[in-house]
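Each protein sequence line maps, in turn, to chains A and B.
By numbering that gives the first Met the number 0, the letter at position 39 of the first sequence is numbered 38, and the numbering carries on one by one without gaps.
By numbering that gives the first Met the number 0, the letter at position 130 of the second sequence is numbered 129, and the numbering carries on one by one without gaps.
Using N, Cα and C, we set each Cβ at its ideal position, and we do this for glycine too.
Report on the following structure.
2 protein chains.
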Amino acid sequence: MPSRSPGGDGLPRTIRGSSIGNTTVAERDGRLRATAGGHKTLPYTICVFLFRLMVGRMDMGDLLELLGIETPIVQAPMAGTATPKLAIAVSNAGALGSIGIGTSPVDQARAAIREIRSGTDRPFHVNLFCDPPANENPVRDEAWLEFLAPQFHAFGAVPPESLVDTSQSFLGNDVMLAMILEERPPVVSFHFGLPEAEVLAALKNAGIILIGCATNLEDARVIEAAGLDAVIAQGIEAGGHRGLFDLDRPDEKLGTFALTRLLARELTIPVISAGGVMDGAGIAACLALGAQAAQLGTAFIGCPESAASDDYRRALLGPDGASTTHTAAISGRPARGMVNHFMRETARPDAPEIPDYPLAYHAYKSLSAAALAAGNHDYGTRWAGQGAMLSRSMPAAELVETLKSEMSAARTRIPN
Amino acid sequence: MPSRSPGGDGLPRTIRGSSIGNTTVAERDGRLRATAGGHKTLPYTICVFLFRLMVGRMDMGDLLELLGIETPIVQAPMAGTATPKLAIAVSNAGALGSIGIGTSPVDQARAAIREIRSGTDRPFHVNLFCDPPANENPVRDEAWLEFLAPQFHAFGAVPPESLVDTSQSFLGNDVMLAMILEERPPVVSFHFGLPEAEVLAALKNAGIILIGCATNLEDARVIEAAGLDAVIAQGIEAGGHRGLFDLDRPDEKLGTFALTRLLARELTIPVISAGGVMDGAGIAACLALGAQAAQLGTAFIGCPESAASDDYRRALLGPDGASTTHTAAISGRPARGMVNHFMRETARPDAPEIPDYPLAYHAYKSLSAAALAAGNHDYGTRWAGQGAMLSRSMPAAELVETLKSEMSAARTRIPN
Chain A
0 MPSRSPGGDG
10 LPRTIRGSSI
20 GNTTVAERDG
30 RLRATAGGHK
40 TLPYTICVFL
50 FRLMVGRMDM
60 GDLLELLGIE
70 TPIVQAPMAG
80 TATPKLAIAV
90 SNAGALGSIG
100 IGTSPVDQAR
110 AAIREIRSGT
120 DRPFHVNLFC
130 DPPANENPVR
140 DEAWLEFLAP
150 QFHAFGAVPP
160 ESLVDTSQSF
170 LGNDVMLAMI
180 LEERPPVVSF
190 HFGLPEAEVL
200 AALKNAGIIL
210 IGCATNLEDA
220 RVIEAAGLDA
230 VIAQGIEAGG
240 HRGLFDLDRP
250 DEKLGTFALT
260 RLLARELTIP
270 VISAGGVMDG
280 AGIAACLALG
290 AQAAQLGTAF
300 IGCPESAASD
310 DYRRALLGPD
320 GASTTHTAAI
330 SGRPARGMVN
340 HFMRETARPD
350 APEIPDYPLA
360 YHAYKSLSAA
370 ALAAGNHDYG
380 TRWAGQGAML
390 SRSMPAAELV
400 ETLKSEMSAA
410 RTRIPN
Chain B
0 MPSRSPGGDG
10 LPRTIRGSSI
20 GNTTVAERDG
30 RLRATAGGHK
40 TLPYTICVFL
50 FRLMVGRMDM
60 GDLLELLGIE
70 TPIVQAPMAG
80 TATPKLAIAV
90 SNAGALGSIG
100 IGTSPVDQAR
110 AAIREIRSGT
120 DRPFHVNLFC
130 DPPANENPVR
140 DEAWLEFLAP
150 QFHAFGAVPP
160 ESLVDTSQSF
170 LGNDVMLAMI
180 LEERPPVVSF
190 HFGLPEAEVL
200 AALKNAGIIL
210 IGCATNLEDA
220 RVIEAAGLDA
230 VIAQGIEAGG
240 HRGLFDLDRP
250 DEKLGTFALT
260 RLLARELTIP
270 VISAGGVMDG
280 AGIAACLALG
290 AQAAQLGTAF
300 IGCPESAASD
310 DYRRALLGPD
320 GASTTHTAAI
330 SGRPARGMVN
340 HFMRETARPD
350 APEIPDYPLA
360 YHAYKSLSAA
370 ALAAGNHDYG
380 TRWAGQGAML
390 SRSMPAAELV
400 ETLKSEMSAA
410 RTRIPN
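What follows is the structure, given as structure tokens:
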């Protein structure tokens with residue numbers, strides 16, 4: 000274990016054994032760069048590393064070196080909203096572009112990875128879901144469909160007869176694992192937990208940098224103990240699905256502020272801070288708190304490269320963007336978004352138990368499709384983090400540049 | 000209205016008309032300093048002001064100038080836990096010491112203010128509650144006492160016959176207003192809303208700097224429109240009572256991160272960021288987000304100068320400090336603290352409606368006193384913010400120095 004800095008800022012000043020403290024890492028790093036295009040050589044990496052060691056400031060650079068990026072910004076993988084085009088633009092701008100394949104069939108996931116590679120030789124990041132198997136409960140599912148039936152009828156539709164499990168979970172998913180090992184994306188992250196130890200080992204052996212997502216200290220410790228390279232600190236402000244490992248444990252609902260600081264002080268692996276970060280000032284705040292990068296999702300939805308609908312874009316920048324809430328009714332797992340009619344209806348006190356993820360998704364998707372067909376736009380999923388109204392609409396490359404300059408400007412607000 | 004900065008960081012680069020943009024303010028500032036001891040002269044203040052204007056960076060200094068403090072740290076007033084001794088130590092260390100008199104009778108409040116003045120010639124800060132009158136509802140109150148009766152009996156006690164309203168609200172409180180105008184504390188802040196416009200005017204005319212507390216953009220806009228000098232952005236992470244203006248409106252539960260950024264960008268008055276800030280890294284993050292100071296409560300509970308019990312201190316630094324939650328059952332208004340037995344019992348689904356603030360407080364205080372008399376320490380109020388386990392136990396003056404050096408260190412983590 001590296002020693003902790005005496006200054007009490009919780010950031011180890013010594014080299015991190017598991018990530019960049021020995022030649023294995025330089026080799027791994029070199030391999031990563033080779034995979035990602037090899038625009039930086041191994042001797043270069045070693046020189047940078049030795050220089051950093053000499054000047055005694057490993058803090059800022061560890062994670063950026065590891066990921067092979069220039070600026071401490073990760074575009075969140077946002078399954079369904081992030082696109083290969085968005086990832087390409089972000090990676091080419093020096094940040095980490097990402098794609099979420101947690102709900103994609105293997106062929107589609109492979110195609111997305113290949114599309115990104117065709118557009119950039121820089122590192123990028125692929126996110127997988129590790130949702131446990133849904134519990135079968137026909138009585139519960141039937142009650143849910145019965146509860147939703149009047150809404151279906153209002154759109155001249157009928158509920159599905161039963162709920163279908165469309166999970167593309169990475170748990171026990173040998174076909175997806177084989178694809179990932181073949182395509183070798185430079186960075187892979189996991190949501191809703193972690194895959195099996197042997198799967199992690201196989202991915203590590205393939206030179207892939209691995210990141211877990213924690214909403215609390217306990218999950219973060221599991222990620223660290225499993226040997227992953229970095230952890231995303233997902234605060235309660237974050238849009239989309241909360242990455243809770245265990246839905247049966249009470250959710251502490253830690254804010255990005257407290258969670259980032261807690262993980263930065265308690266862990267030895269680098270922290271990537273996420274949740275409610277909309278601009279460069281927010282990124283600077285994450286770094287001040289001890290994170291080595293920030294992950295922004297909502298901030299990138301307004302980019303022309305995202306897959307967001309016009310409705311979604313308009314809502315983000317309007318008054319709806321000021322007010323988001325959590326619901327488990329859309330997918331079966333808690334997720335934050337702008338309130339739509341479905342969320343309001345399913346928050347009623349007489350609503351029955353929500354089916355497990357992703358069974359609930361089937362009901363919701365059927366209903367929202369029926370609503371849209373009938374011209375009702377108030378059933379669309381509009382995941383968004385707190386402060387969404389501070390997001391902007393501009394091309395991704397321009398946004399990354401804007402974020403960088405805002406980040407530098409924010410630094411001047413802290414006294415020396 | 001001052002113009003907004005073109006850089007879009009939301010911090011006006013022009014002079015703030017209402018706070019520091021004209022001689023009135025210099026006069027007010029001079030008066031404040033005279034009141035607080037007069038260790039800086041009016042010409043000095045004007046010189047600093049003109050220098051700041053010349054170099055074109057008003058951002059950092061506005062609020063510190065206005066409050067007459069050296070470092071952007073406000074010790075939270077924490078009624079019942081903050082003491083005059085704590086405020087004295089903090090103010091003498093160059094930050095803003097504070098006392099909460101929101102639950103104190105007038106004589107006691109006056110004595111506290113005088114005690115602070117006897118120990119420091121620096122500015123300090125007094126917090127008042129603006130809770131609206133509790134609704135009378137004997138049926139509801141009786142049901143609540145009946146629900147709690149078995150817990151009273153377990154300690155060989157009986158519930159009170161009825162609930163007594165012990166509110167010391169500043170609303171319509173002419174005696175408290177007269178005392179404040181006589182004692183003239185340099186800074187006054189309000190929780191749970193704002194007092195009447197004529198009360199605000201009287202306080203302003205007396206040269207008192209006024210601060211409101213907002214948990215959302217709407218309340219912050221009310222504070223700005225009422226002409227207050229600054230706003231506290233109280234994030235969901237904050238320990239103690241949430242400063243909600245209207246309990247009937249859905250609570251957006253904005254985190255410190257999103258709320259600070261939102262207010263810093265949308266308002267023209269300075270923002271003081273609060274909630275989950277435990278160390279200098281957190282303060283730096285608040286400043287990066289555009290706040291001009293941070294307010295820390297939990298971080299000061301471990302100081303020997305606070306009134307916290309030994310149980311409370313031990314709990315803060317133990318595993319309980321990692322897990323806090325909101326309850327309205329203790330006082331009648333939502334507040335965050337470490338979970339105790341009372342909070343668990345009253346979170347049961349069969350719990351009846353909670354009486355209005357501060358009626359519920361009467362029931363709770365009677366029960367916790369009975370528990371303590373019977374040797375049960377699991378009924379104590381232990382308000383705390385998220386990340387409480389990161390707080391420390393050291394004398395307040397030393398803590399302020401530590402926070403300052405941590406703040407500077409955090410700056411170096413943001414790239415230039």
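In chain order, what residues of the same chain lie with their CB nearer than 6 angstroms to the CB of residue i, ignoring the 5 residues before and after it?
i               : result
G192 of chain B : C129, F244
P159 of chain B : S365
A86 of chain A  : G96, S97, I98, I115, F123
K252 of chain B : I235
A387 of chain A : T297, L315, G320
G238 of chain B : G296, T297, R335, W382, A383, G384
A370 of chain B : F154, Y378
A306 of chain B : T80, T82
G36 of chain B  : Below a pLDDT of 50, predicted positions are generally treated as unreliable, and G36 of chain B, at 33, falls in that range; the measurement from the model is reported next regardless. So the qualifying residues of the chain are D120.
C212 of chain B : H190, I231, Q233, G242
On the DSSP bridge assignment, give the partners of residue i in chain order.
i               : result
V186 of chain A : A:H124, A:I208
L95 of chain B  : B:V73
H152 of chain B : In DSSP, H152 of chain B forms no bridge with anything.
A142 of chain B : None, per the DSSP bridge assignment.
G239 of chain B : B:R335
For residue i, report the span of its alpha helix (DSSP H) as first-last.
i               : result
L316 of chain B : 309 to 316
L253 of chain A : That residue, L253 of chain A, is in no alpha helix (DSSP H); it is neither H nor E in DSSP.
A78 of chain B  : First-last for A78 of chain B: undefined, no H or E at that position.
M393 of chain A : Premise fails: M393 of chain A is in no alpha helix (DSSP H) and is neither H nor E.
R113 of chain B : 105 to 118
D130 of chain B : Counting along the chain, D130 of chain B falls outside any alpha helix (DSSP H), and DSSP gives it neither H nor E.
V221 of chain A : 216 to 224
From residue i to residue j, what does the alpha carbon distance come to, in whole angstroms?
i               : j               : result
N126 of chain B : I100 of chain B : 6 angstroms
G226 of chain B : I208 of chain A : 53 angstroms
A81 of chain A  : A92 of chain B  : 49 angstroms
Q74 of chain A  : S392 of chain A : 15 angstroms
F169 of chain A : M175 of chain A : 7 angstroms
S103 of chain A : S117 of chain A : 20 angstroms
Y363 of chain A : S166 of chain A : 15 angstroms
V198 of chain B : L65 of chain B  : 21 angstroms
E344 of chain B : T324 of chain A : 27 angstroms
V270 of chain B : R220 of chain B : 12 angstroms
S322 of chain A : A409 of chain B : 31 angstroms
M337 of chain A : L398 of chain B : 41 angstroms
G20 of chain B  : L63 of chain B  : Note that G20 of chain B scores 28 on pLDDT, short of 50, meaning its location in the model is unreliable; the coordinates nonetheless yield the value given after this. Taking the straight line from one Cα to the other gives about 14 angstroms.
H361 of chain A : E135 of chain A : 14 angstroms
R183 of chain A : D218 of chain B : 50 angstroms
N339 of chain B : M178 of chain B : 37 angstroms
R113 of chain A : V187 of chain A : 15 angstroms
T401 of chain A : H240 of chain B : 37 angstroms
By the DSSP assignment, the beta strand (DSSP E) with residue i in it spans what residues?
i               : result
V270 of chain B : 270 to 273
I231 of chain A : 229 to 233
G336 of chain A : 334 to 337
A293 of chain A : 292 to 295
H325 of chain B : 323 to 326
Who are the Cβ neighbours of residue i in its own chain at under 8 angstroms, not counting the five residues just before and after it?
i               : result
A359 of chain B : W143, L162, A327, A328, I329, S330, G331, I353
D310 of chain A : H376, G379, R381
Return the chain-ordered list of same chain residues with a C-beta closer than 7 angstroms to the C-beta of residue i, the five sequence neighbours on each side being excluded.
i               : result
C285 of chain B : T259, S272, V276, A293
E405 of chain B : D278, G279, A280
Y356 of chain A : D130, A133, S330, G331, R332
(request) Indicate whether the contact test is met: 3 or more Cβ pairs, each with one atom in the stretch 315 to 324 of chain A and one in the stretch 294 to 303 of chain A, closer than 8 angstroms. (result) Touching, per the Cβ criterion.
(request) Examine the Cβ distances between the stretch 194 to 202 of chain A and the stretch 253 to 270 of chain A and report whether three or more of them are shorter than 8 angstroms. (result) Here the stretch 194 to 202 of chain A does not lie against the stretch 253 to 270 of chain A, with fewer than 3 beta-carbon pairs under 8 angstroms apart.
(request) Take every Cβ of the stretch 372 to 386 of chain B, pair it with every Cβ of the stretch 273 to 285 of chain B, and state whether three or more of those distances are shorter than 8 angstroms. (result) Counting C-beta pairs with one atom in each stretch, the stretch 372 to 386 of chain B and the stretch 273 to 285 of chain B have three or more that are closer than 8 angstroms, which means they touch.
(request) State whether the stretch 104 to 114 of chain A contacts the stretch 65 to 76 of chain A, with contact taken as three or more CB pairs (one from each stretch) at a distance under 8 angstroms. (result) No, because fewer than three Cβ pairs between the stretch 104 to 114 of chain A and the stretch 65 to 76 of chain A fall closer than 8 angstroms, the two stretches do not touch.
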